[in-house]
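Heads up, the thing below is written out as structure tokens.
Number of protein chains: 2
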Amino acid sequence: MSLLVVGSVGFDTVETPFGTAEEVLGGSATYFSTAASYFTEVRLIAVVGEDFPEDHVNLLSSRNIDIRGLARAKGKTFRWKGRYGYELNEAHTLETQLNVFESFDPIVPEDYRDSKIVFLANIDPELQIKVLRQMKNPELIACDTMNYWIEGKYDALKMVLKEVNILLINDGEARELAREPNLVKAAQKISSFGPKTLIIKRGEYGALMFNGNSMFLAPAYPLETVFDPTGAGDSFAGGFLGYLSNTNNFSESSMRQAIIFGSVMASYNVEDFSLNRIRGLEYREIEERFTEFKRLTFFEDL
Amino acid sequence: MSLLVVGSVGFDTVETPFGTAEEVLGGSATYFSTAASYFTEVRLIAVVGEDFPEDHVNLLSSRNIDIRGLARAKGKTFRWKGRYGYELNEAHTLETQLNVFESFDPIVPEDYRDSKIVFLANIDPELQIKVLRQMKNPELIACDTMNYWIEGKYDALKMVLKEVNILLINDGEARELAREPNLVKAAQKISSFGPKTLIIKRGEYGALMFNGNSMFLAPAYPLETVFDPTGAGDSFAGGFLGYLSNTNNFSESSMRQAIIFGSVMASYNVEDFSLNRIRGLEYREIEERFTEFKRLTFFEDL
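Residue numbers (the numbering used here), protein chains in the order written: chain A, 551 to 852; chain B, 551 to 852.
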């Protein structure tokens, strides 16, 4: 199946207790598409500025990502600067420069419009809607968002959610979106907004999937070295939807395996800055860590 | 097998966003022994004052807990007062009155000294040592502690840990004890202090067991109603050690099942104030929730 993503491609400057990285390749669509590229054909929609180096474009192409939807606009590329403390779960944004993203009007290339799965990465819900309006009958729409949009563009976000099958957010965002402190109740409420599947990303505590009446709990992989959490959520989404796109099977059982593949990609991603770890994985490594997840969570029945 | 616990028995006053409970039965040994009583014979060592009602003693006896080690001293019973916010993971202690606990000198009844499993609940490490000195060759020693003792009685605590097989603490305490922010590395360091098994209790995020070279990740049961987290950690320990005592099998596989039984008991405990929920469970309910944990975490192999 074909998988389309719209999101950011840009430069990140990151400080963690273990080091810093300046102006490295980042962005939600970059992490997502790189992670998903191990499983399926990915089509990218994003915009970069005149300062975006050809090397970065080549990296995406080398992963067989279809970059015909990567627009180049006059001006500077999107930039994000953030810091993480020892509690690596939360990023403290120091600076966001939208640059060319500010006037981004996403055009879905004609060839992309039949994509079966669509991922709306964490961008302005109004842009998310614009992309959806151009699609021909996708089978599965997944979406990410954040407190900034929940607070600032609640109505537009609610419009997007009506059409979305799967929402991926974190605990706090789920509680805020549903205006309900209990996660189980929040999930029920969010389901009434549209998405029948809610995936809650909890960083070092793993992920939680509410899928209709069923719940699934996946741990995060306990790492000896976590270097940089930037892009973990998007790598997770990339592994998750990449696997679903590959199997073309949206059953509960397949969704659960997809959650584990998402967790695998996120766990590799945080082992190094930028895409350094996930740009050159072997598929064997992905399968090995999947098996490791099984070993970590298995217990005998009664 | 026989299971001995030393800890507190007292009165709790608790405020949660869902209500308050005043001067209700609480204490680490109370929660532990009640939870463990569904699995095995429990022997209790604790002290109460003259104001401790016979009804509470009868509740413990009715669970077949051996209370010959429950001393009654002149003065008032131990009291704790705490508050929880919407983030129910952390208790804010408002007041602790040690009362008769202040001069507690635990005497292990002659009949208790051959107990095969010992649980040293979260009390002064000097009292924990006193209990251990009276035991005849226990097969398994488990212990709980907290930041208060890590900071105030580090040396005594290190002495206890030398003899302990299993340490049960939370994330922050593990990091503080090992002086190491990474949990995987912290576990390795704590193992060098004595306990070959480290169980990290993470509240709503479940539990993590480091057992020799093996790791096990267990989720918490996602509840629609969490009323009062007080005693969750001790109920967890009670289910965990109660099950091990019942099976008399300390293999990795058995320990993993025990972690799930601990999680089951903790999940029931937080559904109501005090011991209201776990004082009258049916064993069938415990098994049902164990099976539910299996359903919540299962995914197919590759």
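We put the CB at the ideal spot given by N, CA and C, even for glycine.
Counting C-beta neighbours from all protein chains within 10 Å, is the total for residue i 16 or more, i.e. buried, or is it exposed?
{"i": "B/Asp674", "result": "buried"}
{"i": "B/His606", "result": "buried"}
{"i": "B/Phe589", "result": "buried"}
{"i": "A/Phe843", "result": "buried"}
{"i": "B/Phe582", "result": "buried"}
{"i": "A/Asp705", "result": "exposed"}
{"i": "B/Val618", "result": "Here the sequence assigns Arg to residue 618 of chain B, which means Val is not the residue at that position. B/Arg618 comes out exposed."}
{"i": "A/Asp655", "result": "exposed"}
{"i": "B/Asn687", "result": "exposed"}
{"i": "A/Arg806", "result": "buried"}
Look at the alpha carbon of residue i and the alpha carbon of residue j, and state the distance between them as a whole number of angstroms.
{"i": "A/Asn715", "j": "B/Lys703", "result": "54 Å"}
{"i": "B/Arg613", "j": "B/Arg829", "result": "8 Å"}
{"i": "B/Arg683", "j": "B/Met709", "result": "12 Å"}
{"i": "A/Pro853", "j": "B/Glu774", "result": "The question about residue 853 of chain A has no answer here: the residues shown for chain A are numbered 551 through 852."}
{"i": "B/Ile615", "j": "B/Phe669", "result": "14 Å"}
{"i": "B/Leu791", "j": "B/Asn763", "result": "21 Å"}
{"i": "B/Lys698", "j": "B/Glu821", "result": "Per the sequence shown, residue 698 of chain B should be read as Tyr rather than Lys. Computed Cα separation, rounded: 27 Å."}
{"i": "B/Glu759", "j": "B/Glu723", "result": "Correcting the residue identity first, residue 759 of chain B is Met in this sequence and not Glu. Answer to the nearest angstrom: the Cα atoms are 15 Å apart."}
{"i": "A/Thr841", "j": "A/Leu852", "result": "23 Å"}
{"i": "B/Val555", "j": "B/Ala579", "result": "6 Å"}
{"i": "B/Ala865", "j": "B/Ala728", "result": "The displayed coordinates of chain B run from 551 to 852. Any statement about residue 865 of chain B would go beyond what the structure contains."}
{"i": "B/Gln647", "j": "A/Gly635", "result": "36 Å"}
{"i": "B/Gly788", "j": "A/Thr747", "result": "35 Å"}
{"i": "A/Asn672", "j": "B/Gly632", "result": "39 Å"}
{"i": "B/Glu754", "j": "B/Ile719", "result": "14 Å"}
{"i": "A/Ile595", "j": "B/Asp721", "result": "41 Å"}
{"i": "A/Arg725", "j": "A/Tyr793", "result": "28 Å"}
{"i": "A/Ser804", "j": "A/Thr797", "result": "8 Å"}
Hey, is residue i's beta-carbon within less than 8 Å of any beta-carbon in chain A?
{"i": "B/Glu723", "result": "no"}
{"i": "B/Asn732", "result": "yes"}
{"i": "B/Ser803", "result": "yes"}
{"i": "B/Phe849", "result": "yes"}
{"i": "B/Glu837", "result": "yes"}
{"i": "B/Tyr698", "result": "no"}
{"i": "B/Tyr793", "result": "no"}
{"i": "B/Arg806", "result": "yes"}
{"i": "B/Lys844", "result": "yes"}
Which one of the options has the shortest CA to CA distance from residue i?
{"i": "A/Phe743", "options": "A/Glu713, A/Asn763, A/Lys844", "result": "A/Glu713"}
{"i": "A/Pro745", "options": "A/Phe602, A/Cys693, A/Ala808", "result": "A/Cys693"}
{"i": "B/Asp562", "options": "B/Gly619, B/Ala621, B/Glu645, B/Glu723", "result": "B/Glu645"}
{"i": "A/Phe849", "options": "B/Phe811, B/Asp784, B/Arg834", "result": "B/Phe811"}
{"i": "A/Arg845", "options": "B/Phe777, B/Asp784, B/Phe766, B/Ala770", "result": "B/Phe766"}
{"i": "B/Glu689", "options": "B/Ser817, B/Ile740, B/Asp664", "result": "B/Asp664"}
{"i": "A/Arg839", "options": "A/Tyr771, A/Ala706, A/Phe777, A/Ser824", "result": "A/Tyr771"}
{"i": "B/Arg593", "options": "B/Ser611, B/Met805, B/Tyr634", "result": "B/Ser611"}
{"i": "B/Arg827", "options": "B/Gln807, B/Thr780, B/Lys626, B/Ala641", "result": "B/Thr780"}
{"i": "B/Ser817", "options": "B/Asn799, B/Ser804, B/Glu837, B/Met696", "result": "B/Glu837"}
{"i": "B/Asn639", "options": "B/Ala808, B/Glu832, B/Ser801, B/Ala757", "result": "B/Ala757"}
{"i": "B/Gly576", "options": "B/Gly625, B/Phe800, B/Ala782, B/Glu802", "result": "B/Ala782"}
{"i": "A/Thr643", "options": "A/Thr797, A/Arg629, A/Glu726", "result": "A/Arg629"}
{"i": "B/Arg752", "options": "B/Ile809, B/Asn608, B/Glu572", "result": "B/Ile809"}
{"i": "B/Phe823", "options": "B/Phe602, B/Val734, B/Val564", "result": "B/Val564"}
{"i": "A/Glu591", "options": "A/Ser795, A/Glu832, A/Phe800, A/Asn819", "result": "A/Ser795"}
{"i": "B/Leu553", "options": "B/Glu802, B/Ala736, B/Ser587", "result": "B/Ser587"}
{"i": "B/Ser602", "options": "B/Thr570, B/Met696, B/Asn649", "result": "Position check: residue 602 of chain B holds Phe in this sequence, whereas Ser was assumed. B/Phe602 has its Cα closest to that of B/Asn649, out of B/Thr570, B/Met696, B/Asn649."}
Is residue i close to chain B, meaning its C-beta is less than 8 Å from at least one C-beta of that chain?
{"i": "A/Met515", "result": "Given that chain A is displayed from residue 551 to residue 852, the structure contains no residue 515 of chain A and the question cannot be resolved."}
{"i": "A/Ile799", "result": "The question names Ile, but residue 799 of chain A is Asn in the sequence shown. No - not a single Cβ of chain B is within 8 Å of the one on A/Asn799."}
{"i": "A/Thr747", "result": "no"}
{"i": "A/Ile739", "result": "Residue identity check: residue 739 of chain A is Lys in the sequence provided, not Ile. No, no contact with chain B."}
{"i": "A/Leu677", "result": "no"}
{"i": "A/Glu640", "result": "no"}
{"i": "A/Thr590", "result": "no"}
{"i": "A/Arg752", "result": "yes"}
{"i": "A/Glu774", "result": "yes"}
{"i": "A/Arg618", "result": "no"}
{"i": "A/Thr627", "result": "no"}
{"i": "A/Tyr636", "result": "yes"}
{"i": "A/Leu718", "result": "no"}
{"i": "A/Pro769", "result": "yes"}
{"i": "A/Tyr755", "result": "yes"}
Is residue i close to chain E, meaning its C-beta is less than 8 Å from at least one C-beta of that chain?
{"i": "A/Ile810", "result": "Looking at the structure shown, chain E is missing, and the protein chains on hand are A and B."}
Next item on the list: For the stretch 621-645 of chain A, list the beta strand (DSSP E) runs that are entirely contained and at least 3 residues long, ordered along the chain.
Entry: 628-634
Check: Taking the runs of the beta strand (DSSP E) that are 3 residues or longer, which of them lie wholly in the stretch 669-748 of chain B?
Finding: 690-694, 716-720
Notebook entry, point to check: At which residue ranges does the stretch 756-812 of chain A contain complete beta strand (DSSP E) runs of 3 or more residues, listed in the order of the chain?
Noted result: 757-761, 764-768
Next item on the list: Would you list, in sequence order, the uninterrupted alpha helix (DSSP H) runs of no fewer than 4 residues that lie entirely inside the stretch 556-623 of chain A?
Entry: 578-586, 604-612
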